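Just so we're aligned, residue 2 is where the sequence shown starts under my numbering, counting upward by one.
All remarks here apply to the structure that follows.
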Amino acid sequence: MAKKSAKYSVIDAFTDSAFNGNPAVVSLLEERDEEWLQAVARGFNLSETCYPT
Numbered sequence: 002m003a004k005k006s007a008k009y010s011v012i013d014a015f016t017d018s019a020f021n022g023n024p025a026v027v028s029l030l031e032e033r034d035e036e037w038l039q040a041v042a043r044g045f046n047l048s049e050t051c052y053p054t
């Protein structure tokens, strides 16, 4: 599979200051199947990943 760039942000949840709180990924990807989205989430290696629809 070819690599493709993606738009994403790592946010700090539950805090008012940077580098504190709970890190989470918000990723703006086109709709894909659940297995593929889970593979992407594993690649970020954070406990939370969000795909807004």
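Even glycine gets a Cβ: it sits at the ideal position worked out from N, Cα and C.
These numbers come from a predicted model, not from an experiment.
- Query: What residue range is occupied by the uninterrupted alpha helix (DSSP H) comprising A25?
  - Reply: Annotation for A25: no alpha helix (DSSP H) segment contains it, though the beta strand (DSSP E) segment containing it runs N23 to L29.
- Report the rounded CA-to-CA distance for E36 versus L29, giving the unit in angstroms. In a straight line, the C-alpha of E36 is about 17 Å away from that of L29.
- Query: When DSSP labels each residue in this structure, what does A42 get in the three-state scheme?
  - Reply: A42 falls in the helix class under three-state DSSP.
- Find the nearest neighbour of T16 within the set P24, E31 and A3, judged by alpha-carbon distance. P24
- Task: In the DSSP assignment, find the beta strand (DSSP E) that holds D13 and state where it starts and stops.
- Result: Looking at the DSSP string, the run of the beta strand (DSSP E) that includes D13 is K8 to A14.
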